[in-house]
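J.: The structure that follows is given in the form of structure tokens.
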Amino acid sequence: MSTTDQSVDLESFRQEVRAFLETAPTPEILEAGRKTTSVFAPFKETMAWQKILNDKGWVAPSWPQEYGGTGWNIQQRYIFTQECNRRGVPPLLPQNIQMVGPAVLGFGTDEQKAEYLPKMLSGEDFWCQGYSEPGAGSDLASLKCRAESDGDDYILNGSKTWTTYGHHANKMFALVRTSTEGKPQQGITFLLLDMGLPGMEVRPIIGLDGEPEQCEVFFTDVRVPKRNRIGEENQGWTVAKYVLEFERGGSTFGTFLVPAMEQLHAVCDTPDASGNRLSDDPILSYKLAELDIDIRAVEHNEKRVNANLKHGENPGPMASLLKIMGTEVMQRFSELQLEVAGLAGLPLQNDALVVGSNVAPIGEESALLAMPYYLNTRAASIYAGSNEVQRSLLAKAALGA
């Protein structure tokens, strides 16, 4: 489908998306959506959903049509995300479509595009991100994982950490140090590599919620062909910044928070055995109303930025503002959801969170999700550029620095 802002009937498009979402996801996929407690949904079911979307031609709305994109305009993409969140399907894992895909699209050779892009779309390949290191997180340019030139190969030594779903991945896109001359950013190179190469070791990290979502990856004399480099040697920082624009861009916090808040209201409005409702408490009602207002403000600002993007404007500092607003309101939502769950939200119930386990939770399903979601959203103000960094960017923009 190829559309223009002038020709598209947005309401007809919304109905088309709703009709598809009504029948396409399996019960297991919908269960995975309900049991998603972070930006990274249950792996098996989410990859099954990605395959369904790929078969439909809807898996990569922001990609160029010639490489598998939909041709949708910005408003259509926002509507699609809205309807997916209202239906409760799991969010696609971002590594393939939002991270490494744009890097290959923007800087890859024709041969690299032909080799990698189709399997990114289908999910036959699943990629993990090799950026952060024990001493290089928000200050990513200080990374030290070394790639020594050796003929047609690079030899990698070092480590990466906070590699999300690295234990599921068969591919990695990584930033490595190829030079120590000049500024730190000038000696970084962007590489693609197989996860099964000799000398690689993946160690899962158990998080606060008891799940191994993150990993450490160690490299000992790992040989990577230079043909797997994206862009020029020592120019990986340029590629990484381009990818980060996609990771931060197209803010859609409101598309998730609005239906999530509706569900929280439903929980609060449900009478207990004595006929009492949580929403009868005036203090809680005030908190709900205050959060409602802030969520609508996030949604409004996202739509305002999208309207400007439609006319070719760069979001500029608004991208930082939306990152701050969206993640901090998300964290406040998680705190209120946990407060509503009360004592029922405290037990660790990882068995009940497994899709298809048929393990009944203690209390309501909303209470089952409250604590893991709260714990996972602590990272929301850190990933994709910490909110402290975003505030510095806003200050520079405001002061003209």
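Numbering-wise, the UniProt record's numbering puts 367 at position 367 of the sequence shown, and it's gapless, one number per residue.
Note that beta-carbon positions come from the ideal geometry of N, C-alpha and C, so glycine has one too.
Use the C-beta contact count for Q390: other C-beta atoms within 10 angstroms, 16 or more gives buried, fewer gives exposed.
T.: Within the sequence shown, residue 390 is the residue found at index 390, counting from 1. Q390 is buried by the Cβ-count criterion.
J.: Under 8 Å, with one C-beta from each stretch per pair, do the segment 206 to 216 and the segment 184 to 191 reach the 3-pair mark?
T.: No, they do not touch.
J.: Under the DSSP definition of a beta bridge, which residues are partnered with Q390?
T.: As a position in the sequence shown, residue 390 is number 390, starting the count at 1. DSSP, once it has assigned bridges, lists no residue as partnering Q390.
J.: By Cβ distance, which residues of its chain are closer than 8 Å to D153, with the 5 residues on each side in sequence left out?
T.: The residue labelled residue 153 in the question sits at position 153 within the sequence shown. If we look at D153 and ignore the five residues flanking it on each side, its Cβ neighbours are R223, V224, P225 and K226.
J.: Counting only runs that start and end within the segment 57 to 130, where is the beta strand (DSSP E) found for 3 or more residues in a row?
T.: As far as the segment 57 to 130 is concerned, its whole beta strand (DSSP E) runs of at least 3 residues are 127 to 130.
J.: Y78 and T238: beta carbons closer than 8 Å?
T.: Walking along the sequence shown from the start, residue 78 turns up at place 78. Walking along the sequence shown from the start, residue 238 turns up at place 238. No; because the gap between Cβ atoms is not below 8 Å, this pair is not in contact.
J.: Report the three-state DSSP secondary structure of T255 (helix, strand or coil).
T.: Position 255 of the sequence shown, counted from the start, is the residue given in the question as residue 255. Three-state result, T255: helix.
J.: Along the chain, where does the beta strand (DSSP E) that runs through Y154 open and close?
T.: Your numbering for residue 154 matches position 154 in the sequence shown. From DSSP, the beta strand (DSSP E) with Y154 extends over D153 to K160.
J.: If you reduce the DSSP assignment to three classes, tell me which class T4 lands in.
T.: Taking the first residue of the sequence shown as position 1, residue 4 is located at position 4. Annotation note: pLDDT 48 at T4 (below 50); position unreliable, coordinate value reported separately. T4: coil per DSSP, three-state reduction.
J.: Please state whether DSSP places residue 403 in a helix, a strand or coil.
T.: Since the first residue shown for the chain is 1 and the last is 401, residue 403 is missing from the structure and cannot be characterised.
J.: Between which two residues does the alpha helix (DSSP H) containing K171 stretch?
T.: Locating residue 171 in the sequence shown gives position 171, counting from the first residue. No alpha helix (DSSP H) holds K171; the beta strand (DSSP E) holding it covers K171 to R177.
J.: With burial defined as no fewer than 16 other Cβ atoms inside 10 Å of the residue's Cβ, what is the status of L208: buried or exposed?
T.: Mapped onto the sequence shown, residue 208 falls at position 208. With fewer than 16 other Cβ atoms within 10 Å, it is exposed.
J.: Is the beta carbon of P42 closer than 8 Å to that of P90?
T.: Numbered from its first residue, the sequence shown carries residue 90 at position 90. Numbered from its first residue, the sequence shown carries residue 42 at position 42. Yes.
J.: Does the segment 99 to 116 come within contact of the segment 31 to 40, defined as at least 3 CB pairs closer than 8 Å?
T.: Counting Cβ pairs under 8 Å, fewer than three are found: no touch.
J.: Specify the secondary structure class of T36 as computed by DSSP and reduced to three states.
T.: Indexing the sequence shown from 1 puts residue 36 at position 36. Reduced to three states, the DSSP call for T36 is coil.
J.: With distances taken Cα to Cα, identify the nearest neighbour of A367 among R304, P347 and V355.
T.: On the sequence shown, residue 367 is found 367 positions in, with the first residue counted as 1. Comparing Cα-Cα distances from A367 to each of R304, P347 and V355, the minimum goes to P347.
J.: Between E133 and T161, how many whole angstroms is the CB-CB distance? I'm expecting something under 8 Å.
T.: Reading the sequence shown from its first residue, position 133 is the one you call residue 133. Reading the sequence shown from its first residue, position 161 is the one you call residue 161. Their Cβ separation, rounded to whole angstroms, is 6 Å, which keeps E133 and T161 in contact under 8 Å.
J.: Would you say the segment 350 to 365 touches the segment 374 to 393, given that touching needs at least three Cβ pairs under 8 Å?
T.: No contact exists between the segment 350 to 365 and the segment 374 to 393.
J.: Check for me: the alpha helix (DSSP H) holding T327 runs from which residue to which?
T.: Position 327 of the sequence shown holds residue 327. Segment P317 to A341, the alpha helix (DSSP H) holding T327.
J.: Kindly indicate the opening and closing residues of the beta strand (DSSP E) around residue 406.
T.: Because the chain here runs from 1 to 401, residue 406 falls outside it and cannot be looked at.
J.: Quick test of your reading: W63 and G69, contact by CB under 8 Å. State the CB separation rounded to the nearest angstrom.
T.: Here residue 63 corresponds to residue number 63 of the sequence shown, with the count starting at 1. Here residue 69 corresponds to residue number 69 of the sequence shown, with the count starting at 1. Right, their Cβ atoms sit about 3 Å apart.
J.: Less than 7 Å between C-beta atoms, sequence neighbours within five positions excluded: which residues of the same chain meet that for L121?
T.: Translated into the one-based positions of the sequence shown, residue 121 becomes position 121. Excluding sequence neighbours, L121 sits near N54, V59, A60 and G68.
J.: Which residues does DSSP list as the beta-bridge partners of F219?
T.: Position 219 of the sequence shown, counted from the start, is the residue given in the question as residue 219. DSSP, once it has assigned bridges, lists G158 and M200 as partnering F219.
J.: Mark S149 as exposed unless 16 or more other C-beta atoms lie within 10 angstroms of its C-beta, in which case mark it buried.
T.: Reading the sequence shown from its first residue, position 149 is the one you call residue 149. It counts as exposed.
J.: According to the neighbour-count rule (16 or more other Cβ atoms, all chains shown, within 10 Å of its Cβ), is K183 buried or exposed?
T.: Sequence index remark: in the sequence shown, residue 183 carries index 183 (1-based). Exposed, by the Cβ-count rule.
J.: Please return the same chain residues whose Cβ sits closer than 8 Å to the Cβ of E28, not counting the five positions on each side in sequence.
T.: For the purposes of this step, residue 28 is identified with residue 28 of the sequence shown, where counting begins at 1. These residues qualify, in order along the chain: E45, A48, V355 and G356.
J.: Can you tell which of D281, P94 and K241 has its C-alpha closest to the C-alpha of L175?
T.: Walking along the sequence shown from the start, residue 175 turns up at place 175. Ranking the options by Cα distance to L175, first place goes to K241.
J.: Can you give the beta carbon distance from S142 to F219, rounded, assuming they're within the 8 Å contact cut?
T.: Translated into the one-based positions of the sequence shown, residue 142 becomes position 142. Translated into the one-based positions of the sequence shown, residue 219 becomes position 219. Not confirmed; about 17 Å, so no contact.
J.: Who are the near neighbours of I52 in its chain, counting only those whose CB is closer than 6 Å to its CB and skipping five residues on each side?
T.: Residue mapping note: residue 52 aligns to position 52 of the sequence shown, counting from 1. The answer, listed in chain order, is A24.
J.: DSSP three-state label for P42, please.
T.: The residue labelled residue 42 in the question sits at position 42 within the sequence shown. It is coil, neither helix nor strand.
J.: Given this structure, state the Cα-to-Cα distance separating Q129 from G385, to the nearest angstrom.
T.: Numbered from 1 along the sequence shown, position 129 holds the residue referred to as residue 129. Numbered from 1 along the sequence shown, position 385 holds the residue referred to as residue 385. Straight-line Cα distance between these residues: approximately 15 Å.
J.: What do you reckon, are the CB atoms on V340 and L264 nearer than 8 Å?
T.: The residue you call residue 340 lines up with position 340 of the sequence shown. The residue you call residue 264 lines up with position 264 of the sequence shown. The answer is yes: Cβ separation under 8 Å.
J.: Starting from T377, trace the beta strand (DSSP E) in both directions and tell me its first and last residue.
T.: As a first step, residue 377 must be located in the sequence shown, where it is residue number 377. From DSSP, T377 is part of no beta strand (DSSP E) but of the alpha helix (DSSP H) over E365 to T377.
J.: Let's test the definition: count the other Cβ atoms within 10 Å of the Cβ of D9 and tell me whether it reaches 16, buried, or not, exposed.
T.: Working through the sequence shown from its first residue, we reach residue 9 at position 9. Its Cβ having fewer than 16 others within 10 Å, D9 is exposed.
J.: Taking the DSSP output, what are the residues bridged to I205?
T.: Position 205 of the sequence shown, counting from 1, holds the residue named residue 205. I205 pairs with Q214.
J.: What span of residues does the alpha helix (DSSP H) with D351 cover, start to end?
T.: For the purposes of this step, residue 351 is identified with residue 351 of the sequence shown, where counting begins at 1. Looking at the DSSP string, the run of the alpha helix (DSSP H) that includes D351 is N350 to L353.
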